[in-house]
Amino acid sequence: MSEKKRPDRTVTLTEADRKFLSFALDEAADEMCHRDGFVDEDWALLERWRGLTDPPTA
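Following the working numbering, the numbering of the sequence shown begins with -19 at its first residue and continues without gaps.
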């Protein structure tokens, strides 16, 4: 099965969006710390998503 490439999109997150995403990522990190089966690639992906919670730069 071939994977379709999605078009690049720019998404602007509000402060509330960033706050909610940060909370969800904290919960995910907590779950990852307490369960086996997560690998370095999982942690790298978590850090990549955390970059979305950074406020935009001008």
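Yeah, the Cβ is synthetic: ideal placement off N, Cα and C, and Gly gets one too.
- Take T(-8), set aside five residues on each side of it, and the residues of its chain with a beta-carbon closer than 8 Å to its own are P36, in chain order.
- Residue state for F0 is assigned as helix, using DSSP reduced to three classes.
- Taking a cut-off of 8 Å on C-beta distances, the region -4 to 3 does not touch the region 11 to 24, as fewer than three cross pairs fall below it.
- M12 is positioned such that its CB atom lies closer than 8 Å to that of L26.
- W23 places its beta carbon 8 Å or farther from that of L5.
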